[in-house]
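The sequence shown begins at 0 in numbering that gives the first Met the number 0 and counts up one residue at a time. To start, the structure under review is shown below, and the notes come after it.
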Amino acid sequence: MKKTLLTAAVLLVSGLVAFAQDGKQSADVQLSVILNPIQTIEVGAATQRTVDLVYDSKEDYANGVEVSLDDHLTVYSTGGFEVKAQSATDNIQRANGSETISASTINVLASPGATNALTGANYNNVSLSTTPTNLISSSVGGVNKNFNVKYSGIGADGYLNSYYNDENPTVYTTTVTYSIVAQ
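And the structure:
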């Protein structure tokens with residue numbers, strides 16, 4: 000019986016060795032790296048979430064006013080991107096009445112940020128409207144790249160008759176939305 004068990008064990012081990020020698024010495028696997036586009040955009044500090052174009056002198060009405068905000072927008076993008084700007088409405092209504100001013104009388108212009116700027120981007124001066132309009136475009140992406148933004152209101156006394164005495168000061172408000180898409 001011992002001889003039979005010993006013979007069976009030798010045959011089993013011989014079979015395993017033979018099987019191992021007949022098996023593959025290598026194996027292949029397909030590896031894919033799958034990259035999806037990621038774009039995010041943020042408005043800078045909380046103090047930059049309200050922009051006031053204040054006309055308080057005859058020079059302001061004649062020449063227009065502007066507010067420049069450093070590092071106002073921050074972008075993260077895997078690859079090229081476009082940032083678009085748009086107004087919530089084409090005709091901005093005053094707080095205490097039905098009178099309006101045209102959103103297109105306000106321009107927005109981006110430029111490289113004061114810190115962590117993206118080189119090689121293209122910038123357009125955008126007259127606000129409800130149509131998303133290309134403000135920034137870049138063929139390359141970046142991590143937390145900053146952009147300055149300048150908001151400008153018209154001069155040439157364009158708002159001269161948009162002040163109303165029942166509201167002092169007269170305030171017209173809209174929301175400007177920035178969006179980012181892969182290019």
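From the three backbone atoms N, C-alpha and C, an ideal C-beta is built for every residue, glycine too.
Rounded separation between N124 and V107 - CA only: As a working note, residue 124 is residue 125 in the sequence shown. As a working note, residue 107 is residue 108 in the sequence shown. Their Cα atoms are separated by approximately 6 Å.
Rounded distance between the beta-carbons of T129 and Q85, thought under 8 Å: Here residue 85 is taken as the residue at index 86 of the sequence shown, counted from 1. Here residue 129 is taken as the residue at index 130 of the sequence shown, counted from 1. That pair is a contact at about 6 Å.
Buried or exposed by the 16-neighbour rule on C-beta atoms within 10 Å, applied to S31: Position 32 of the sequence shown, counted from the first residue, corresponds to residue 31. With fewer than 16 Cβ atoms within 10 Å of its Cβ, S31 is classed as exposed.
Per-residue burial, G22 [other beta carbons within 10 Å of its own, 16 or more giving buried]: Residue 22 sits at position 23 when you count from the first residue of the sequence shown. The residue in question, G22, is exposed, as its Cβ has fewer than 16 Cβ neighbours within 10 Å.
Beta carbon of V180 nearer than 8 Å to that of E41: On the sequence shown, residue 180 is found 181 positions in, with the first residue counted as 1. On the sequence shown, residue 41 is found 42 positions in, with the first residue counted as 1. Not in contact: V180 and E41 (Cβ atoms no closer than 8 Å).
Identified DSSP bridge partners for N121: Translated into positions along the sequence shown, residue 121 becomes position 122. The partner list for N121 (beta bridge, DSSP) reads S136.
CA-to-CA distance, L72 to V66, given in whole angstroms: Looking up residue 66 in the sequence shown gives position 67. Looking up residue 72 in the sequence shown gives position 73. Approximately 14 Å between the Cα atoms of the pair.
Cβ neighbours of T173 in the same chain (closer than 7 Å, five flanking residues each side left out): Counting from 1 along the sequence shown, the entry for residue 173 is found at position 174. So the list reads S86, A87, T88, I91 and A102, once near-sequence residues are dropped.
Chain-order list of residues whose beta-carbon lies under 7 Å from that of P36 (same chain, five-residue window excluded): Position 37 of the sequence shown, counted from the first residue, corresponds to residue 36. If we look at P36 and ignore the five residues flanking it on each side, its Cβ neighbours are T77, G78 and A181.
Q182 - DSSP class collapsed to helix/strand/coil: The count along the sequence shown starts at 1 and reaches residue 182 at position 183. Q182: coil per DSSP, three-state reduction.
Distance between beta carbons of V74 and K149, contact taken as under 8 Å: Against the sequence shown, residue 149 aligns to sequence position 150. Against the sequence shown, residue 74 aligns to sequence position 75. Wrong, their Cβ atoms sit about 17 Å apart, outside the cutoff.
Beta-carbon gap between S161 and I100 smaller than 8 Å: If you number the sequence shown from 1, residue 161 lands on position 162. If you number the sequence shown from 1, residue 100 lands on position 101. S161 is a Cβ neighbour of I100, given a cutoff of 8 Å.
Inter-residue spacing [alpha-carbon to alpha-carbon] between T39 and T114: Numbered from 1 along the sequence shown, position 40 holds the residue referred to as residue 39. Numbered from 1 along the sequence shown, position 115 holds the residue referred to as residue 114. C-alpha separation (whole angstroms): 18 Å.
Endpoints, beta strand (DSSP E) assigned at Y183: Look at the range of the chain in this structure, 0 to 182, and you will see that residue 183 is not part of it.
DSSP state of A116 mapped onto helix, strand, coil: As a first step, residue 116 is located in the sequence shown; it is residue number 117 there, counting from the start. Three-state result, A116: strand.
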